[in-house]
Amino acid sequence: MSGGGHSGASEERWLLTYADMITLLMVFFIVLYSMAQIDVKKYQKVAESLHRAFGVGDGSLFSVGIGRGGGEGESEPAPIAFDDLPPRQRDYLDISSELASQVAAAGFGADVSVTTNIEGILISLSESLLFAPGSTVLQPQAQETLDRIATVLRPLPNAIRVVAHTDDVPTDNPFYPTNWELSVARAVVIVRYLSEEGGIAPERLMAAGQAQYHPLYPNDTREHRARNRRAEIVVIYPIEEESLQPNFLPDLSQGLFAPTPSPAEGTQGY
């Protein structure tokens with residue numbers, strides 16, 4: 129009798145080990161799940177604050193990827209929460225937000241995008257907003273948009289570079305025999321307006337034209353050519369801040385707005 133009872137207790141000891149293992153696994157997965165939820169909540173908080181600042185969209189102005197796999201040996205940089213940013217870097221996020229807010233207030237969000245990269249804050253404006261085909265005369269809506277942008281950029285110390293781009297269609301304007309001349313002339317017009325009408329110190333401004341040689345899309349369709357015809361205003365980070373984290377802002381590679389400029393009428397080069 130006693131021998132049989134002792135044997136039964138020994139046979140059931142594996143249940144204790146099994147229960148311990150299941151408990152440890154459950155705790156392990158709970159910890160992993162909790163760690164993942166922390167990042168999501170932090171970035172959702174940033175998204176909601178930007179949504180309140182812009183007054184547009186559904187509160188999901190940028191996407192946060194957690195655990196997205198890359199190729200072999202590749203790893204994505206860890207995202208940085210807004211609360212963990214140094215004060216100067218938070219300022220740049222505020223500047224981007226204010227620029228987007230000004231554009232939204234003007235009603236030209238579809239023709240303007242505000243993005244960030246390692247060099248600075250990039251404001252891209254479509255040709256249909258700025259100029260008539262082949263022209264270097266700013267349209268009224270372009271002046272209103274530049275006025276609003278200037279109110280944000282005027283008090284900043286940063287250098288500002290304006291770069292104009294065209295598609296690959298040759299110009300038919302005798303004053304601008306190639307897209308080089310046309311793009312440079314348009315950049316100069318924007319720089320002069322920002323200085324003379326926008327009140328931005330001229331020593332902060334630079335103008336450049338890149339013709340058709342830096343397209344966003346292949347010049348293979350009417351819509352792609354329209355998107356390539358653009359001007360970009362770059363607010364350059366100071367040299368001493370070259371060590372800024374390349375991903376210190378949320379992923380804004382697609383812009384605070386998703387610009388869908390309508391192709392300009394005709395195929396005139398920008």
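Residue numbers (the numbering used here): 129 to 398. Glycine included, C-beta positions come from ideal geometry on N, C-alpha and C.
Looking at the secondary structure, which residues open and close the beta strand (DSSP E) in which Ser-254 lies?
Against the sequence shown, residue 254 aligns to sequence position 126. For Ser-254, the uninterrupted beta strand (DSSP E) run begins and ends at 248-254, by DSSP.
Test item: CB-CB of Ile-328 and Ala-359 under 9 angstroms
Against the sequence shown, residue 328 aligns to sequence position 200. Against the sequence shown, residue 359 aligns to sequence position 231. Contact check for Ile-328 against Ala-359 fails: the beta carbons are separated by 9 angstroms or more.
For Glu-309, does the three-state DSSP call read helix, strand or coil?
On the sequence shown, residue 309 is found 181 positions in, with the first residue counted as 1. Three-state result, Glu-309: helix.
Taking 9 angstroms as the cut-off, decide whether the C-beta atoms of Leu-281 and Ala-292 are in contact.
On the sequence shown, residue 281 is found 153 positions in, with the first residue counted as 1. On the sequence shown, residue 292 is found 164 positions in, with the first residue counted as 1. Ala-292 sits away from Leu-281, with the two beta carbons spaced by 9 angstroms or more.
Beta-carbon separation of Tyr-321 and Thr-264 under 9 angstroms?
Taking the sequence shown and counting its residues from 1, the one referred to as residue 321 is at position 193. Taking the sequence shown and counting its residues from 1, the one referred to as residue 264 is at position 136. It is not a contact, given that the beta carbons lie outside the stated cut-off.
Using three-state DSSP, classify Val-405 as helix, strand or coil.
Within the shown structure, residues of the chain are numbered from 129 to 398, placing residue 405 beyond reach of any answer.
When the Cα atoms are used, what is the spatial distance from Thr-306 to Gly-262?
Counted from its first residue, the sequence shown places residue 306 at position 178. Counted from its first residue, the sequence shown places residue 262 at position 134. Rounded to whole angstroms, Thr-306 to Gly-262 spans 11 angstroms at the Cα level.
By the DSSP assignment, the alpha helix (DSSP H) with Ile-277 in it spans what residues?
Locating residue 277 in the sequence shown gives position 149, counting from the first residue. First-last of the alpha helix (DSSP H) with Ile-277: 268-281.
Given a threshold of 16 other Cβ atoms within 10 Å of its Cβ, counted over all protein chains shown, does Ala-335 qualify as buried or as exposed?
Here residue 335 is taken as the residue at index 207 of the sequence shown, counted from 1. That one is buried.
Mapping DSSP to helix, strand and coil, what is Arg-357?
Translated into the one-based positions of the sequence shown, residue 357 becomes position 229. Of the three classes helix, strand and coil, the one that applies to Arg-357 here is coil, per DSSP.
Which class does Leu-333 belong to by DSSP, given the choice of helix, strand or coil?
Here residue 333 corresponds to residue number 205 of the sequence shown, with the count starting at 1. Three-state result, Leu-333: strand.
Alpha carbon to alpha carbon, what distance is there between Ile-318 and Gly-337?
Here residue 337 corresponds to residue number 209 of the sequence shown, with the count starting at 1. Here residue 318 corresponds to residue number 190 of the sequence shown, with the count starting at 1. About 12 angstroms.
Taking the straight line between their C-alpha atoms, what separation do you get for Asp-219 and Ser-252?
Against the sequence shown, residue 219 aligns to sequence position 91. Against the sequence shown, residue 252 aligns to sequence position 124. Spanning the two alpha carbons is a distance of roughly 20 angstroms.
If you follow the beta strand (DSSP E) that His-293 is part of, which residue opens it and which one closes it?
Here residue 293 refers to the residue found at position 165 of the sequence shown. Per DSSP, His-293 belongs to the beta strand (DSSP E) from 288-293.
For Arg-141, count neighbouring C-beta atoms within 10 Å of its own C-beta (all shown protein chains included) and say buried if the count is 16 or more, exposed if not.
As a first step, residue 141 is located in the sequence shown; it is residue number 13 there, counting from the start. A residue is called buried when at least 16 other Cβ atoms come within 10 angstroms of its Cβ; Arg-141 does not meet this threshold and is exposed.
What is the C-beta distance between Val-312 and Ile-361, in whole angstroms, given that I count them as a contact (C-beta under 8 angstroms)?
Counted from its first residue, the sequence shown places residue 312 at position 184. Counted from its first residue, the sequence shown places residue 361 at position 233. Not quite, the Cβ-Cβ distance comes to about 15 angstroms (not below 8 angstroms), so this is no contact.
Specify the secondary structure class of Phe-259 as computed by DSSP and reduced to three states.
Stepping through the sequence shown from its first residue, residue 259 is reached at position 131. For Phe-259, the three-state secondary structure derived from DSSP is strand.
Comparing alpha-carbon positions, which option in Asp-348, Asp-300, Pro-343 and Leu-284 lies nearest Glu-331?
To locate residue 331, count along the sequence shown from 1; it is residue 203. Nearest C-alpha to Glu-331 among Asp-348, Asp-300, Pro-343 and Leu-284: Leu-284.
What's the gap between the Cα of Val-231 and the Cα of Asp-296?
As a working note, residue 231 is residue 103 in the sequence shown. As a working note, residue 296 is residue 168 in the sequence shown. Rounded to whole angstroms, Val-231 and Asp-296 show a C-alpha spacing of 28 angstroms.
Could you check what DSSP says for Tyr-304 in three-state terms: helix, strand or coil?
Within the sequence shown, residue 304 is the residue found at index 176, counting from 1. The answer is strand: DSSP assigns Tyr-304 an E or B state.
Hey, Val-240 and Ile-288: beta-carbon distance below 9 angstroms or not?
Within the sequence shown, numbered from 1, the residue matching residue 240 stands at position 112. Within the sequence shown, numbered from 1, the residue matching residue 288 stands at position 160. At a Cβ-Cβ threshold of 9 angstroms, Val-240 and Ile-288 do not count as neighbours.
Would the beta-carbon of Leu-274 fall within 9 angstroms of that of Gly-326?
Within the sequence shown, the letter at position 146 stands for residue 274. Within the sequence shown, the letter at position 198 stands for residue 326. Taking a C-beta distance under 9 angstroms as the contact criterion, Leu-274 and Gly-326 qualify as a contact pair.
Within 10 angstroms of the Cβ of Leu-152, are there 16 or more other Cβ atoms? Answer buried if so, exposed if not.
Position 24 of the sequence shown, counted from the start, is the residue given in the question as residue 152. Of the other Cβ atoms in all chains shown, fewer than 16 fall within 10 Å of the Cβ of Leu-152; this residue is therefore exposed.
Distance, Ile-158 Cα to Pro-147 Cα
Numbered from its first residue, the sequence shown carries residue 147 at position 19. Numbered from its first residue, the sequence shown carries residue 158 at position 30. Inspection of the sequence shows that residue 147 is occupied by Ala rather than by Pro. Each residue's Cα considered, the two are about 17 angstroms apart.
Val-242 and Leu-258: beta carbons closer than 9 angstroms?
Walking along the sequence shown from the start, residue 242 turns up at place 114. Walking along the sequence shown from the start, residue 258 turns up at place 130. Going by C-beta atoms, Val-242 is not nearer than 9 angstroms to Leu-258.
Is the distance from the Cβ of Ser-254 to the Cβ of Arg-355 below 9 angstroms?
Position 126 of the sequence shown, counted from the start, is the residue given in the question as residue 254. Position 227 of the sequence shown, counted from the start, is the residue given in the question as residue 355. In contact: Ser-254 and Arg-355 (Cβ atoms closer than 9 angstroms).
Write down the C-beta distance between Thr-294 and Arg-357 rounded to the nearest angstrom, noting that I regard them as a contact closer than 8 angstroms.
Taking the first residue of the sequence shown as position 1, residue 294 is located at position 166. Taking the first residue of the sequence shown as position 1, residue 357 is located at position 229. Thr-294 to Arg-357, Cβ: 6 angstroms. Contact.
Should Ser-345 go down as buried or exposed, given a rule of 16 or more other Cβ atoms within 10 Å for buried?
In the sequence shown, counting from the first residue as 1, residue 345 sits at position 217. Going by the sequence as given, residue 345 is Tyr instead of Ser. Burial call: exposed.
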